[in-house]
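S.K.: Take this structure first; my questions come after.
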Amino acid sequence: MIKDFVYHRANTSEEALDLLDKYRDDCKIICGGQSLLILMRQGLVAPANLIDIKGVKDLDYITFDPEEGLKIGAVTTHRAVEKSEIVKDNYSILIEMEKNLASVQTRNWGTLGGNLCHGDPTGDPATLFTVLNGSVKLASKERERTIPVEEFSIDFFETVLEEGEMLLEIQLPVIPPRTAVAYDKFNLIENDQGIVAAGVSVTVDEKGSVCQEARIALGSAAPVPMRAKAAEELLRGKKIDDALLDAVGQKAAEEADPVADIHASEEYRRDLVNTLTKRMVRKAWEQARALAGGKE
Amino acid sequence: MAGMRRQPMSKKYHVINTPVHNVDGIAKVTGRAEYTFDVVLPHMLYGKILRSPYPHARILNIDTSKAESLSGVRGVVTGKDTLGVKQGIWRRYKELCDEEILAREKVRYIGEPVAAVAAVDEDTAEEALDYIEVEYESLPAVFVPLDAIKEGAPLLHEQAERNINVTRHIEWGDVDEGFKQSDFIREDWFRCSSQAHVCMETHCAVASYTPDGKLTVYTSSQSHYYIKVLLADVLGLRENDIRVISRYTGGGFGSKFELDSAQFCSSVLSMKFCKPVKIVLTREEEFMATKRRTPMFYYLRTGVKKDGQFVAKESRVFTEGGAYTAMGATALYLTGFFQAFPYDWPNYRFDGYRVYTNTPPTSAMRGFGAPQATFCAETQIDIIAKELGIDRIDIRRKNGMYAGYEVPGQAWIQSCGLDECLDKVDEWIKGKGDLPANNGIGIAAYGFMSGGIFNWFDTPYAFSSAVVQVNIDGKVDLFIGSQDMGQGSNTTLTMICAEELGVNVQDIRLHMGDTDKCPVDLGAWGSRETLMQGNAVKMAAAEVKKQILEFAAAKMSPNIVYDLDIKDGWIHLIARPERGLAFNDVVKEAIRGRDGQPLVARGHYTPHRKGMISPAYSFGVQAIEVDVDPETGKITLKDCVTAHDCGQVINPLGVQGQLEGAIAMAAGYGFTEDLPMDEGKILNPNLVDYKLLRTTEMPETTVVEVETYEPEGPFGAKEAGEGLTNPTAGALGNAVFDAVGVSINELPITPEKVLEAIREKDKPETNKED
Amino acid sequence: MDKIKLCITVNGEDHECYIKPKKLLVEVLRDELGLMGTKRGCNTGSCHACTVLINSVSVKSCSVLAVQADGCEITTIEGLADAAELSPLQRSFLDYGAFQCGFCTSGMLLTATSFLAENPEPTEHDIREGLHGNICRCTGYNSIIRAVKAVADGGYEEAADE
Amino acid sequence: MNLARHVFGTGDQGHKDWVNSKGLNFIELLLIQTMEPGNKGYKTLADLLEREAEQID
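Protein chains in written order, with the working numbering: chain W, 12 to 307; chain R, 386 to 1155; chain H, 146 to 307; chain Z, 20 to 76.
Structure representation (C-alpha cells):
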C-alpha cells in the first residue's frame, strides 16, 4: 500500500531544485516512476513529499555535437532515445540496448534519468554508459558537478546523489574512430533483466591489426556496474585471437564479484561473465577491424 | 409453414468441428465481462487477511483491540469467530479434512491465515493488519518429505504418524517375476519441482450476508457447487441458503475449486457485520498462500527385453504435501496411474506417499500429477532406447496402448489414436532433416482422463446436469452448472446443444455461473466438462428434440416408415430433407398446444461401471525442437508439433487454444518456472522473479488432430485441454538429451543445470551417477 | 491527506475528479470512473494487464500516478469499439480465438492497438517483441500473434465482415 | 495380498491401529515397502492377514 504524501509538480529544473532544497531528506523525486512506484507500493520507500519532474520540459532533450558528443536530458524517455535519429546515426548500440530493455510500455513512460538514479545493478544503461565512458551532470541548489557514470552507483540501489541533489543530464563522448561497441545480456526471458550483462568497446589501429584501446563493463556481476580493468589491460596493443579471448574471459570472471541469488549461483554468474565477455570482445573486435578496413 | 426449402447441408454435423466465435467473446474483447474482481456492491467493505510469518507455530494469543479501534475499520475476525470446522474437499474421509482456513491453535505454513479485517477501503484494512498482535510459540518445522517421514521429525498433525498423509498402492501382474525376465533393468531417481497456477485474476470473493440468513458469494471459481457446499459445511448454513455467482473466472488451472481464504474470510466477516465484504488476494498472497503443483521425488525401476519390449516397472514417489491434504490425495493416485501411461505394462507396481511438510499445501494443477509422472517416465524411456540402440518412436509404438486395452483392474481404453499420433510426429521429425549442431528434437507420449469417476467429495447429485428450454420464439435456454474459466466450455457445450437440437449457436442463450438458477455440475476440473457436462447437455437437448419431433410428426403425418430430424432450424424427413417445417413455427404451435408451457427437459450424466479413473482417455505425442547454447546451457524453443487424439473435435479453435496454452504453461514448468523456498518461505512470490514464458519464448506450434470416435463421449469427443500439459517437460528434456547428450532428471531444466551436466559429460571419464 | 483536482479525458469524455495524490491511474479509472474493463494482475508492474493508452502510447496504468496523467487523453478498452462497431483487432481476436479467460485481453488489445499504430507493417517477430510485456497464462500467445498479424496484413479494413 | 494392498491403499486410522495392534508398525512396513525393492512390506502384511484369516475360520 502506498503511503500518503504531499505532491509537488515541478515545471522547470529550477523549481525542482528549489523543492529539493526545501524538503531535503524528506522528499523523493519521481519521474517515470516505473521502479519507484513498486518500491513505494511495497512500503520500502515512503517519502512525505514527492517531487514530480516528469513534466520538466528543459530536461527533455537529446542533442548531438561532433565535438561534445551526445547529451540526454534526465527526463527523456527510453522510447525517445530508441526512436532518435541522431542516436541511431552515432550510437546505434544504444538503440540496440533500449530495444531489449523491459517492455514497450515501460520504455514509453520510464526515463533514462530515473533508470540511473534507481541504481539497480541489473540496469542496462549504467553498464553501457560505462563502456561508452559517459558521465552524468548532477546539480543541487549550491553546486553543479559532472562525474563519470562508473562512479555514479556505489552499492545496490545506492548512488552518489546527495541530499538536495538531482541528475540533470547524461553525456556521452563521441565514439572514437575505428571503434566498435558491443553489448549483450544473458536472460531466460527476452528483454528481462540480465542475469549477467557485458559491454565491450574496442578501438583498433589504422591497419586494424591490433587493439589500441578497450573498455569492458559488466552488469549484475557485482553490487554495481563494474569495469573489468585487468581484462581490458590484456587487450591493449594486442592482436586478438582465441587464446587471448579465453584469457580475457577468464580474467573478467576473476575480476567479477557476483552475488548468488535464486536466478544464478556465484559460480554460474562467473561462467556467464566469462562467456559473454569473450563473445562481446570478439564481436567488437571484428566490427572495429571492419571499420578500419573501411568495410562494413 | 410446410413446403420446400434449400437442402440442409449434407455433411455429418452442422455445428460441430466448425470454427465458432467464443460465446463470451464480445463481452471479453470489449471489457464488458464482469469478473468477481470487478464486483462492487452498495455499502461494501474491503477485507484483508493477516497471515502467519512462521512455518510452524502455536498461536498463544491474538489481540485485535488496537486494530479494531482504528478509524475506518469495521472489525476483525479470528478462528474464534468461526465454528472451527476442519474442512477439506475429500469429504468422504474425515481424517483428510484437516484445514481450518482461519487457524485457531496452530499454523503450519508461512502464509496461513490467522485473522481477517474488514474496513471502509483496502488501504485501511491493510494498515489495520499491522495493529493485530499475535503471540506465537514457534515450533520446530520440517520442509522436505524425506525428512518429515523420519522418526522423531516434528509432527504437523497429531493423527498423522511420521507425517504420512495418504498412501497409494497400484499393482498388477507379477513385477518381481517380470524383472527376472528382463534383459535390461534401469533405475533412476527424479525430482519434479512445484509450480504456481498464476491465474491472471487472483483468488477473490465478495460475500454478502443478509439478515434473512442468506449468503450470496461472488467468486472466481472453477466449481460454484463445491464452493457452495464447502461454505455450508464451515459456516453451519444449509446448502441452499448459499448462492454462489459469477459467470467469468479469470483463469483456474486447478487452483479454484477448493474453498479458499478469500471466500471463507469474506463470508465470515460478512456474516458478522451483515455487510458485503470484498477480498482480493494480492499477487504475493497468491504465490505464498494458495495451493500449488505437487513437488515429487520419484524412483523408477524399469525392466525391458533386448528388443525394447516393456516387461516390468516399479515406481515409488514421495510427494511434498505441504501443510494440508487439499486435492493432493488425488494427485497422488493419478501420478501413480499415469506413470504407466500410455503404455501396455504387463507388470506394474506403484507405491506413493504424500507427506505433510511445513510448506504451502500442494494440490491440483493442470495435469494433476500426470506431468510429473510423464516427465520421469518419458525421460527414462529415451535413456533406455539410446542404451539399447532402439529408435525412440519404435520403442513407444511397440509398447503403446490401443483401443480395447484394459489397464488391469483400473480402466478400459475404448478409443486410442496413439499409433497414428506417433506416425504423424515421426513424419514431422523426418521432415526436419539434419539439424544444426547443438539442436535437438525430443518427444514424449502421453494420455489423460476425461473426467474423474471417483467421488471423494461424496456428492449425492449426478456428476453433471443440464436443463434445456425451448421458448415460443424458438430461442433456446441452456442451463448448466459447469464453469468456464477460460477453457471455452461455454462455447463447446453450446455447440453440443445446437448440434443435437438442430439449431444454430446464435439461437441459444446460455445460463451458467449461478447456483440459484443452474443445475449441479461438479465443476471444471479433471477435464470433465466436454464429456460429462457434454453428455448431460446432449441428453437434455435430445429429450426436448423428441418432444418437438412428436408434435411435428403428428402435424406432418408422414408415412410411418419415415423418421424426422432437425438440422439448422429445419424439421424434415431424413429420407426427403426438402419436406419439412421451420423449427420456429413448430415450436410456436407446440407451445400454444400445451397451454403456453415452454418445452423443457433435463439431462444428466454419472459414470457407472467405467473403471476406477475415468470413462475415456485422450492420447497424444509431442515433439519439441530446441537449440542449446553449450557455453551457457541456455535452451531456446524453436518449434513444436503435437499429434493429438481427443476423439471428435467439437470446437477446433478451442482445441488449438488449449494446446498452445498448455505448451506455454508446461514448457514453463520444464525450464523457467520454480518456487524455491528457504525454511518454508517462497523466495520469488512475484512476477518479476517468477519467470513465465512471454510471447518471445513461445515456439511455433503445429497441431495435428488425430480423430477417433469415443463411444462414451458426446459425438465421440473426449478431453482436450488438461492432458496437453503432460508431455512438454519430458519432450523438452529429451530434446536437450538429443541436442547435447545430457539428461537432466530434475525440474526445472535450468541453463545452470545443463551447463553443469555438459561439463560433467565432457570430463575425461564420467562415472555415471543416479 | 488533501485531495487534489485531476482533469483527464478518457475515451473522448472529459472527467474532473478529486483524488489523493497517491492514487494510481488504474485506481482512478476503475474506482472513480467505473471503467472496470481495465484489469490488474500484479503489484510489480510485471503483467501489463492494466495497459491503457496515454496520448495514444501504451502505458501501464498501475505504474503511473493519476496526477501525472493530468490533462492527458486516455484510451481504455471501453474506448476501442465505436458503439456496436468493434475495432479490427477486436474482430480478429474473436476470429482467431486470441483470448480464453479474458482477463489479460483488455491490456493485450490496447498494447496491440498502439503497436500497430506505430508499426503498420510488422513481421511476426516484431509483433512478439511489441507484445512481449503482456502476460497471458491461457493462450500461449500464438493465437494473439496471428490475430494481430491478420489485422496488419489488412484482413480487417473497416466494414470488412467475414 | 489384495487385502494387504487395500489396507495400505486406504491407510486410514482404523487400518493403522489394527496393524499396530498386531505387533507390526504400519509406518515401518510402508518404509520397507518404499525404500527396499521386492514388495517386502506388503508380503509381511499379507502373511499377517492370512494368519488372522485362519484363526477366524
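Note that the Cβ used here is the ideal one computed from N, Cα and C, for glycine as well. On a predicted model such as this, the values are computed, not experimentally measured, just so you know.
Please state the DSSP three-state secondary structure of Met291/W.
M.R.: Reduced to three states, the DSSP call for Met291/W is helix.
S.K.: Note down the Cα distance separating Asn198/W from Glu572/R, rounded to an integer number of angstroms.
M.R.: Spanning the two alpha carbons is a distance of roughly 34 Å.
S.K.: Is the beta carbon of Ile630/R sitting closer than 7 Å to the one on Tyr603/R?
M.R.: Cβ distance < 7 Å, so Ile630/R and Tyr603/R count as in contact.
S.K.: Are the CB atoms of Ala674/R and Gly496/R within a distance shorter than 7 Å?
M.R.: Contact: yes.
S.K.: Count Cβ pairs between the segment 468 to 482 of chain R and the segment 520 to 532 of chain R that sit closer than 8 Å; are there 3 or more?
M.R.: In short, these stretches do not touch, since the Cβ pair count stays below three.
S.K.: Is any beta-carbon of chain H found at less than 7 Å from that of Gln204/W?
M.R.: False, the Cβ-Cβ gap to chain H never drops below 7 Å.
S.K.: In the DSSP assignment, find the beta strand (DSSP E) that holds Gly965/R and state where it starts and stops.
M.R.: Gly965 to Ala967 is the span of the beta strand (DSSP E), which, as asked, contains Gly965/R.
S.K.: Okay, do the segment 922 to 929 of chain R and the segment 906 to 914 of chain R touch, 3+ Cβ pairs below 8 Å being the bar?
M.R.: Contact fails: fewer than three Cβ-Cβ distances are below 8 Å.
S.K.: To the nearest angstrom, report how far apart Ala228/H and Ile222/H are at their CA atoms.
M.R.: Those two C-alpha atoms are separated by around 12 Å.
S.K.: To the nearest angstrom, how far is the alpha carbon of Asp36/W from that of Lys94/W?
M.R.: Their Cα atoms are separated by approximately 36 Å.
S.K.: Taking Cβ-Cβ distances shorter than 7 Å, what residues in chain R pair up with Thr53/Z?
M.R.: Under the 7 Å cutoff, chain R gives Arg701, Asp736 and Tyr738.
S.K.: Roughly how many angstroms lie between the CA atoms of Ala72/Z and Glu556/R, to the nearest whole one?
M.R.: Going by the C-alpha atoms only, they are around 22 Å apart.
S.K.: Given that Asp561/R touches chain Z, what residues does it touch there, using C-beta distances under 8 Å?
M.R.: Correct list: Gly57 and Asn58.
S.K.: How about Cys207/H and Val171/H: do their beta carbons lie closer than 7 Å?
M.R.: Yes. Within cutoff.
S.K.: Quick one: residues in its chain with C-beta nearer than 7 Å to the C-beta of Lys565/R, no 5 flanking neighbours on either side, listed in chain order?
M.R.: Cβ neighbours of Lys565/R beyond the five flanking positions: none.
S.K.: Return helix, strand or coil for Leu561/R, following the three-state DSSP convention.
M.R.: Reading the sequence as shown, one finds Asp at residue 561/R and not Leu. If DSSP states are grouped into helix, strand and coil, Asp561/R belongs with the helices.
S.K.: Alpha carbon to alpha carbon, how far is Ala233/W from Pro187/W? Give it in angstroms, no decimals.
M.R.: Between Pro187/W and Ala233/W, the C-alpha separation is close to 28 Å.
S.K.: So if I threshold CB-CB distances at 7 Å, which residues from the segment 266 to 282 of chain W count as touching chain R?
M.R.: Listed by position, the residues of the segment 266 to 282 of chain W near chain R (Cβ gap below 7 Å) are Ile273, Ala275, Ser276, Tyr279 and Asp282.
S.K.: Mind checking Gly410/R: buried by the 16 CB within 10 Å criterion, or exposed?
M.R.: The residue is buried, with at least 16 neighbouring Cβ atoms inside 10 Å.
S.K.: Based on Cα-Cα distance, which residue from Lys110/W, Thr141/W, Ala242/W and Ala254/W lies nearest to Ala264/W?
M.R.: Of the listed residues, the one whose Cα sits closest to Ala264/W is Ala242/W.
S.K.: Closer than 8 Å between beta carbons: that is the criterion. Which residues of the segment 174 to 198 of chain H meet it against chain W?
M.R.: Going along the segment 174 to 198 of chain H in chain order, one finds Asn188, Thr189, Gly190, His193 and Thr196 with a Cβ nearer than 8 Å to chain W.
S.K.: Please report how far the alpha carbon of Val551/R lies from the alpha carbon of Glu1145/R, in whole angstroms.
M.R.: Roughly 38 Å separates the two Cα atoms.
S.K.: How many Å lie between Arg977/R and Asn856/R at the Cα?
M.R.: Their backbone Cα atoms lie some 11 Å apart in a straight line.
S.K.: Would you list, in sequence order, the uninterrupted alpha helix (DSSP H) runs of no fewer than 4 residues that lie entirely inside the segment 756 to 788 of chain R?
M.R.: Runs found: 777 to 784.
S.K.: Whole angstroms is fine: what's the gap from Cys761/R's alpha carbon to Phe703/R's?
M.R.: Their Cα atoms are separated by approximately 14 Å.
S.K.: Could you give the distance in angstroms between the alpha-carbon of Lys1103/R and the alpha-carbon of Pro265/H?
M.R.: Each residue's alpha carbon lies about 41 Å from the other.
S.K.: Use the C-beta contact count for Ile945/R: other C-beta atoms within 10 angstroms, 16 or more gives buried, fewer gives exposed.
M.R.: Exposed is the call here.
S.K.: Output needed for Thr601/R: all residues of its chain with C-beta closer than 7 Å, excluding positions within five of it in sequence on either side, in chain order.
M.R.: Result list for Thr601/R: Ser593, Arg628 and Ile630, in chain order.
S.K.: Which value, in whole angstroms, describes the spacing of the CA atoms of Leu64/Z and Gln724/R?
M.R.: Straight-line Cα distance between these residues: approximately 25 Å.
S.K.: Quick one: list the residues of chain W neighbouring Thr250/H, beta-carbon separation under 7 Å, in chain order.
M.R.: What Thr250/H touches in chain W: nothing, since even the nearest Cβ is about 16 Å away.
S.K.: Kindly say whether Lys657/R, judged by its beta-carbon, lies nearer than 7 Å to any beta-carbon of chain H.
M.R.: Not one chain H Cβ lies under 7 Å of Lys657/R.
S.K.: Do you know offhand how far Tyr718/R's Cα is from Arg553/R's?
M.R.: Rounded to whole angstroms, Tyr718/R to Arg553/R spans 6 Å at the Cα level.
S.K.: Check this for me: beta carbons of Met429/R and Pro661/R, under 7 Å apart or not?
M.R.: Cβ atoms of Met429/R and Pro661/R: closer than 7 Å.
S.K.: Please list the terminal residues of the continuous alpha helix (DSSP H) segment that includes Glu520/R.
M.R.: Unbroken run through Glu520/R is the beta strand (DSSP E), Glu518 to Ser523; no alpha helix (DSSP H).
S.K.: Just reading off the beta strand (DSSP E) that Ile177/W is part of, what are its end residues?
M.R.: Looking at the sequence provided, one finds Met at residue 177/W rather than Ile. First-last of the beta strand (DSSP E) with Met177/W: Met177 to Leu183.
S.K.: Ignoring anything shorter than 4 residues, give me the alpha helix (DSSP H) runs that lie fully in the segment 628 to 703 of chain R, in order along the chain.
M.R.: DSSP runs (the alpha helix (DSSP H)) wholly in the segment 628 to 703 of chain R: 646 to 658 and 668 to 674.
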